[in-house]
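Report on one structure; see the data block that follows.
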Amino acid sequence: MKQPARTTILTLWCALATALALSLSITAPAVALDPGGREEALPTTPPPTPSVPSVGTTVLSDGTPVGIVVAGGNGGLLHVVDLSTRTLRSRERLVPENTDVQPWEFATLSNRHVMLASGGGQLFEIDPDAPKGHKATNLSDPSRPGYEQVAAYSTFLWDVAVDEHDRVYVAAQSIHGGHILRYDPSANQGRGQWTDLLPGGVQAGESDVRSLAYDNGFLYAGTGTKNPSIVRINTSTNATTRLAVPGHVIAGLSHVERLQVKAGNLYVGTSVPGGVRPTCGGTCVLDPATGAQKMKDGKPLEVGTWSSQVVTRPGEAEKVYYTVQSDNTPTLQEYDPRTDTSRTLAQGLVSTARPSQSSWATHEHFISAGKDDASIAIVHASDGSAADLPKDANGGNAIQGSPRDIQSLTAVPGGDLYASWYMTAPMLLRATPNAQVDKTQYSLPQAPLGQVEGFGHSSKWFVTGIYPSGELVRYEMGASGPTLENHQSVRITSDARQARPYAIVPINDDEFAVGTSPKNKAGSGALSIYDAAHNKIDTYPLDTINYAAPSLRGLLSDRRPLSIVHHQDKLYVGTSASGNGMNPDQTEASAPRLFEFDLKTRKVTRVMTPFKDQRSITALTLGSDGTVYGTTGMHVFAMSPADFTIGRSRALTRQGYADANRSQLIERDGVLYGIMAGRLRALSTSLQDEGTVIADFATTPQGKVYVNSLALGADGSLYYARGSRIYRYRFPAG
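Pasting the structure below:
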């Protein structure tokens, strides 16, 4: 990036004299602000429909084939399904509360135990024969030899594979690059052993290893997100080869999401968002030794999976399997690469159920699950039948949802709260608080499928920003809240590249400013102006946004807008540092920016760097006096829009840290209430002291549970979340 001109970047050091004068004017110690309120826990929130990205299978000690279905969330909910009788055998919490469980993929060991790679960063071992409460073991624990040496590489676990020696390979994502972690259960007298298979990472510059497949001494790894590739690894020597994959196979992919290898064929998923026919119809067939596309009779081998997932089946040496809509009927298909043909094995599957790499428990029994709707498809291959699980005695789904962490929260006129969860759901959480906290009521109104990253509302419209589709959904706002029955949506960009609408701020009754981050780790975010009345949007990516002065050009590249305020035909926008703010070490060139955007000219007019050593400007708010207040998690500052300078600031030397994630900041009667470093803090707008923590994080045996998602309720109380529970801070009467 071009080195910024000194005259166009204002830094905190420019305001040093002002800050010093302010500090010298304080002759007596400031008394920390205490609002005098109290915290109340609202009743336990109901869970949404289950989040089931994948399923596992095994055979019990008595020979019964079972499906292992884990509903993701806070602790997860484990269901053991009898595949012979198509009934639910048991249901229990997988692991203790405050453990983030996201069941991304499964694999089965020779002892019939099932390994679960979780998006929460853990590897679980599940023994379905064990007594209730003892079925799952978290192997991502410091007590396991070697784990502390690899823990930093396991922020998110995407996939898992097992070799013939029961060594477990895990595809991991982290800010330190994409890694493959290996866990050997038999090492150290059964205590296990963690190792980093390829120290230094699989591919320079890539934060993810997204997919794995193993066959005959070789492990195949698909990477992402900047320059996706497939790497072949000899597991005896750890020698690696980057396969020469044809360019058209990975064109348009942000990562290699699906791999499978069988009988000398490497199956590579090519599905991309957008609904157009993917390359090879969804799955290309490559030579696992070279990466060249396999051919038959002069034509490339292609599998029309659409979903990109093919799975293997016990007892089948060559064939692979996938699900697809055939003549509007969901079917299970069998593909034979020797003839390049598919045939229908079963019909009538649930349309949303998708296969997992261990969907086949035996040659006879197959299970797949819908990711967001609790649907299950169990196939008996001998008669081609497919059936869902029966409802329970109360008419409910056999597969039930786990409590989930609150992701976003807002308060609307009329007193209701609306919330959404981590991971996608086809609904919202609506809460109606009561002065008597135990009389709070909840409901789960239907909404477009997604993970709501941000809420915004005006007197006329209620807007949600959902991931991963990168859409804004708008509803009319009534006197008592939004009318959810009718809605319209618009994509922020046609290709869904800008997928995370974190900040949604009203400009007037009809227009909203929207700050978005890209779906993948690399690239700039965007600032959008959304006209809710006409459901139209103008989007300005920060790497191509227009500037009022040439000297400003490029100063916002590789940054994401996380916080926005509107004031007098201007937007003031706080960004991440370059590279998504994940690098803890920042410089003047990479630091987060605060910029002014003129709504009339649609140009960036001023840019500053408030703090060169921070990771993001996580929240902004407009004070009643017209001052813009902001925080980075470590600093709180006041900015005058008139001269675009930092007037005063306060470093949170106690209990603060430079945060990378968005937060919230509210000004009320001369007091700032904000989430900073996972705590809710109250500070005077004078910023003469560090304020008071009025709601701290909770410390549990599973780790810290931070405060998030702050909103000011219609009743004047502050509402926020810890994990899956909503709390409120009630101010003293009067």
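Quick note, the sequence shown lines up with residues -32 to -1, 1 to 702 if you use mature numbering (1 follows the signal peptide of the UniProt record, and there is no 0).
Glycine is no exception: its CB is placed at the ideal position from the N, C-alpha and C atoms.
(message) Is the separation between the beta-carbon of Glu8 and that of Tyr687 shorter than 8 Å?
(response) Going by C-beta atoms, Glu8 is not nearer than 8 Å to Tyr687.
(request) Give the secondary structure of Ile148 by DSSP, where H, G and I count as helix, E and B as strand, and everything else as coil. (result) The answer is strand: DSSP assigns Ile148 an E or B state.
(message) Can you look up Ser336 in the DSSP assignment and give me helix, strand or coil?
(response) Here DSSP, grouped into helix, strand and coil, assigns Ser336 to strand.
(message) Quick check on the DSSP output: what are the complete beta strand (DSSP E) runs of length 3 or more inside the region 252 to 330, in order along the chain?
(response) Segments of the beta strand (DSSP E) lying fully in the region 252 to 330: 288 to 294, 297 to 304, 309 to 315.
(request) Look up Ser525 in the DSSP assignment and say whether it is helix, strand or coil. (result) Secondary structure of Ser525 (DSSP, three-state): coil.
(request) Report the residue ranges of all alpha helix (DSSP H) runs contained in full by the region 156 to 244; include only those spanning at least 4 residues, in chain order. (result) Entirely contained in the region 156 to 244, the alpha helix (DSSP H) runs reaching 4 residues are, in chain order, 215 to 218.
(message) Residues in the same chain with beta-carbon distance under 7 Å from Ser411, minus the five sequence neighbours each way, listed in chain order, please.
(response) Around Ser411: Arg398.
(request) Use the C-beta contact count for Met263: other C-beta atoms within 10 angstroms, 16 or more gives buried, fewer gives exposed. (result) Around the beta carbon of Met263, fewer than 16 other beta carbons sit within 10 angstroms, so the residue counts as exposed.
(request) For Leu206, I'd like the list of residues in its chain whose CB is within less than 7 Å of its CB, leaving aside the five on either flank, ordered along the chain. (result) In the sequence on display, residue 206 carries Asn and not Leu. Correct list, in chain order: Leu165, Leu166.
(request) State yes or no: is the C-beta of residue 706 within less than 8 Å of the C-beta of Thr312? (result) The structure shown does not extend to residue 706, since the chain spans only -32 to 702, so no value can be given for it.
(request) Keeping to the same chain, check which residues put their C-beta closer than 6 Å to that of Arg459; ignore five residues upstream and five downstream. (result) Within the same chain, Arg459 has close Cβ partners Gly438, Glu439.
(request) For Ile434, collect the residues of the same chain with a Cβ closer than 6 Å to its Cβ; drop the 5 residues on either side in sequence, then sort them by chain order. (result) For Ile434, the CB contacts under 6 Å within the same chain, skipping 5 residues up- and downstream, are Gly418, Val420 in chain order.
(message) Taking 7 Å as the limit between beta carbons, can you name the residues of its chain near Leu51, skipping five residues before and five after?
(response) Pro33, Val34, Gly35, Ala329, His333, Ile335, Ile346, listed in sequence order.
(message) Does Ser22 come out as helix, strand or coil in the three-state DSSP assignment?
(response) Per DSSP, reduced to three states, the secondary structure at Ser22 is coil, with no helix or strand assignment.
(message) So, with DSSP's three-state summary, where would you put Leu520?
(response) DSSP places Leu520 in helix when its eight states are reduced to three.
(request) Determine the closest residue to Asp463 out of Lys487, Ala682, Thr600, with distance taken between C-alpha atoms. (result) Of the listed residues, the one whose Cα sits closest to Asp463 is Lys487.
(request) Taking the CB atoms as reference points, tell me whether Tyr303 and Val279 lie closer together than 8 Å. (result) Not a contact, by the Cβ cut-off of 8 Å.
(request) Note down, in chain order, each residue of its chain lying with its Cβ closer than 8 Å to the Cβ of Gly684, except the 5 sequence neighbours on either side. (result) Cβ contact annotation for Gly684 (same chain, cutoff 8 Å, sequence separation greater than five): Phe699, in chain order.
(request) Say whether the region 365 to 373 touches the region 37 to 46, bearing in mind that this needs 3 or more beta-carbon pairs closer than 8 Å, one atom from each stretch. (result) Judged by pairs of C-beta atoms under 8 Å, the region 365 to 373 touches the region 37 to 46, as three or more such pairs exist.
(request) Can you have a look at His216 and say buried or exposed, based on whether 16 or more other CB atoms are within 10 angstroms of its CB? (result) Counting the other Cβ atoms within 10 Å of the Cβ of His216 gives fewer than 16, which makes it exposed.
(request) Specify the secondary structure class of Thr247 as computed by DSSP and reduced to three states. (result) Residue state, collapsed to three classes: helix.
(message) Here's a check: name, in chain order, each residue in its chain whose Cβ is nearer than 7 Å to the Cβ of Asp400, leaving out the five neighbours to either side.
(response) Note that residue 400 corresponds to Thr in the displayed sequence, not to Asp. Excluding five sequence positions before and after Thr400, the CB atoms of its chain that fall closer than 7 Å to its own CB belong to Gly383, Asp384, Thr408, Gln409, given in chain order.
(message) In this structure, how does DSSP classify Asp127 when only helix, strand and coil are distinguished?
(response) In the structure shown, Asp127 falls within a strand segment according to DSSP collapsed to helix, strand and coil.
(message) Assuming Val604 is part of the beta strand (DSSP E), what are its boundary residues?
(response) Element bounds for Val604: 603 to 608.
(request) Could you name the residues that DSSP lists as bridge partners for His535? (result) Residue pairing by DSSP places His535 opposite Lys538 in a beta bridge.
(message) For Arg693, tell me which candidate among Val675, Ser78, Ala587 has the shortest Cα-Cα distance.
(response) The residue with the shortest Cα to Cα distance from Arg693 is Val675.
(request) Using DSSP bridges, identify the partner residues of Pro33. (result) For Pro33, which the question treats as bridged, DSSP gives the partners Val27.
(request) Determine the extent of the alpha helix (DSSP H) in which Tyr508 is found, giving its start and end residues. (result) For Tyr508, no alpha helix (DSSP H) run applies; the uninterrupted beta strand (DSSP E) run containing it begins and ends at 504 to 509, by DSSP.
(message) Can you find the residues in the same chain that come closer than 7 Å, C-beta to C-beta, to Asp95, ignoring five residues on each side of it along the sequence?
(response) Around Asp95, the same chain offers His81, Lys103 as residues with beta carbons nearer than 7 Å, after the five sequence neighbours per side are excluded.
(request) Examine the Cβ distances between the region 508 to 520 and the region 564 to 572 and report whether three or more of them are shorter than 8 Å. (result) The region 508 to 520 makes contact with the region 564 to 572; the number of CB pairs closer than 8 Å reaches 3 or more.
(message) Taking 7 Å as the cut-off, is the beta-carbon of Thr309 closer than that to any non-hydrogen atom of the ligand ATP?
(response) Summarising the ligand content, the structure contains no ligands, and the ligand ATP is consequently not present.
(request) Using 10 angstroms around the beta-carbon of Ser(-10), count the other beta-carbons present and answer buried if the total reaches 16, otherwise exposed. (result) The predicted position of Ser(-10) is uncertain, since its pLDDT is 38 and thus under 50; no value can be drawn from it.
(request) Could you tell me whether the Cβ atoms of Ala500 and Trp429 are closer together than 8 Å? (result) Against a cut-off of 8 Å, the Cβ pair of Trp429 and Ala500 comes out as a contact.
(message) Let me make sure I understand the geometry here. Which of Lys100, Arg150, Asp134, Ala98 has the alpha-carbon closest to that of Val118?
(response) Measuring from the Cα of Val118, the nearest candidate turns out to be Arg150.
(request) Give the secondary structure of Asp499 by DSSP, where H, G and I count as helix, E and B as strand, and everything else as coil. (result) Asp499 falls in the strand class under three-state DSSP.
(request) Check the C-beta distance from Gly624 over to Ala645 and give it rounded, since I have them as a contact under 8 Å. (result) That pair is a contact at about 5 Å.
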